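Below is one structure, written out as structure tokens; the observations come after it.
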Amino acid sequence: MFNRLNGKEHRISLTLPADDNGLTSRKCPDQKCNGLFKVKFGTGLKGENIPCHCPYCGCTGDMSDFNTPEQQKYIESVAIRYVQGIVHDELVRWGRQIERSMSGGFLSAKVRVSGQPIPLHIYQEKQIETHVTCEKCTLEYAIYGVFAFCPDCGSHNSLQILNKNLELVQKILAFAATLPDQEMGQRLIENALENIVSAFDGFGRATCVAFCGKATEPEKAKGISFQNIIGAQTNVRTLFGHDIASAVEEGQWETVNRGFQKRHLIAHKMGVIDDDYVKKAKDPSAIIGRRVVILPDEIAELTQLLTMIGKKFYESVNK
Ligand SMILES: [Zn+2]
Ligand SMILES: [Zn+2]
Numbered sequence: 542m543f544n545r546l547n548g549k550e551h552r553i554s555l556t557l558p559a560d561d562n563g564l565t566s567r568k569c570p571d572q573k574c575n576g577l578f579k580v581k582f583g584t585g586l587k588g589e590n591i592p593c594h595c596p597y598c599g600c601t602g603d604m605s606d607f608n609t610p611e612q613q614k615y616i617e618s619v620a621i622r623y624v625q626g627i628v629h630d631e632l633v634r635w636g637r638q639i640e641r642s643m644s645g646g647f648l649s650a651k652v653r654v655s656g657q658p659i660p661l662h663i664y665q666e667k668q669i670e671t672h673v674t675c676e677k678c679t680l681e682y683a684i685y686g687v688f689a690f691c692p693d694c695g696s697h698n699s700l701q702i703l704n705k706n707l708e709l710v711q712k713i714l715a716f717a718a719t720l721p722d723q724e725m726g727q728r729l730i731e732n733a734l735e736n737i738v739s740a741f742d743g744f745g746r747a748t749c750v751a752f753c754g755k756a757t758e759p760e761k762a763k764g765i766s767f768q769n770i771i772g773a774q775t776n777v778r779t780l781f782g783h784d785i786a787s788a789v790e791e792g793q794w795e796t797v798n799r800g801f802q803k804r805h806l807i808a809h810k811m812g813v814i815d816d817d818y819v820k821k822a823k824d825p826s827a828i829i830g831r832r833v834v835i836l837p838d839e840i841a842e843l844t845q846l847l848t849m850i851g852k853k854f855y856e857s858v859n860k
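In this text, residue positions in the sequence shown follow my numbering: the first is 542, and each later residue adds one.
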């Protein structure tokens, strides 16, 4: 930190304070973002001078660029205290020299050096809501919200979050199968369908925002909704040049579309089949005015297909 103070080179290494989980705050240096997050030093990539990525805006920089103002004050207080120590030692040595040079003469001198070390700038770590472990580099970090770039390896976690949510749906299905109450089991299956669509919509939106730079019109790409899967297919094809249906076979894509249409009925029509559903869902068992049927196997298949679609879409934009 200090080059040539008192004719010598000095270097101080210090450890920034961490929270109870061992995570240390970081702040994005980009003025437009200024996002706050945390990382656990010692996890993730190993080596010297690994750049830090902002999990929110993706900008990169040196690790020290990401110090928070509080940490900066802490570092400065440690540095000033260190310099103060050196100056104090120098003054004491200088005083002793004077005392020695005057000893044995008519006059003698006593030099006293006093002073208090400046207090260190102590601060409290803030709590941040979501803890993530990067699947690619194992860095442990914490962010506001859910979706983020890994601060170490820079990979985006949208696919990781999608897979986690879809795994949770499988667990809900397994639980629904154990329930003796059929009505409650059916309700859980319907909820599972809603959860799948929300998870995929969240994944799709976050992926489009994260990789909007690869789209022909980035601002439009940021607004793509995935609740209507056919609309999403058209928009992604136009803006990213990728067909999300290409991950599955034609019949499977129809199953996906039917699943999304069923979810639309559950969310907006109390599950009662209407004209619009008959036109769009290609469901041979559909009768207008009846409740739509959703089977657990259908949900399990939809989960599997969306896992494949999500993976291929992510890979196509993350090249
Ligand atoms: Zn940022
Ligand atoms: Zn990572």
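We put the CB at the ideal spot given by N, CA and C, even for glycine.
From a predicted model like this one, the values you see are computed outputs, not experimental measurements.
At a Cβ-Cβ threshold of 8 Å, alanine 683 and isoleucine 713 do not count as neighbours. In this structure glycine 645 is exposed. Its beta-carbon is surrounded by fewer than 16 other beta-carbon atoms within 10 angstroms. In the three-state DSSP reduction, glutamate 791 falls in the helix class (H, G or I). By alpha-carbon distance to leucine 806, the top candidate from Trp794, Val834 and Ala788 is Val834. Under the Cβ criterion (8 Å, minimum of three pairs), the segment 753-763 does not count as touching the segment 810-821.
By the neighbour-count definition (other C-beta atoms within 10 Å, threshold 16), glycine 656 is an exposed residue.
Listed in chain order, the alpha helix (DSSP H) runs fully inside the segment 689-765 are 699-718, 723-751 and 759-762, counting runs of at least 4 residues.
Around the beta carbon of aspartate 838, fewer than 16 other beta carbons lie within 10 angstroms, which makes this residue exposed.
Arginine 746 is positioned such that its CB atom lies closer than 8 Å to that of isoleucine 765.
Nearest Cα to glycine 563 within the set Glu611, Gln572, Phe582 and Pro610: Phe582.
Isoleucine 639 places its beta carbon less than 8 Å from that of valine 652.
When the Cα atoms are used, proline 660 and glutamate 550 turn out to be separated by approximately 24 Å. Proximity annotation: ligand 1 has residues Cys569, Asp571, Cys574, Gly576, Cys595, Tyr597, Cys598 and Cys600 in chain order, each selected because its CB is closer than 6 Å to a heavy atom of the ligand. Exposure of histidine 672 is indicated by the presence of fewer than 16 other C-beta atoms within 10 angstroms of its C-beta. In the same chain as glycine 800, and ignoring 5 residues on each side of it, the C-beta atoms closer than 6 Å to its own belong to Leu843, in chain order. Ranked by Cα distance from glycine 782, the first of Gln701, Ala620 and Phe854 is Phe854.
In this structure, lysine 568 sits away from leucine 555, with a CB-CB distance that is not shorter than 8 Å. The segment 698-712 makes no contact with the segment 813-831: fewer than 3 CB pairs, one atom from each, lie closer than 8 Å. Under the DSSP assignment, valine 619 falls in the alpha helix (DSSP H) whose first and last residues are 610-643. What you get when you keep residues with a C-beta closer than 5 Å to any heavy atom of ligand 2 is Cys675, Lys677, Cys678, Leu680, Cys691, Asp693 and Cys694. Beta-bridge analysis with DSSP links tyrosine 682 to Val580 and Val673.
Distance from the Cα of serine 566 is smallest, within the candidate group Ile591, Asn590, Gly588 and Cys595, for Cys595. Per DSSP, the continuous beta strand (DSSP E) segment holding serine 566 begins and ends at 565-568.
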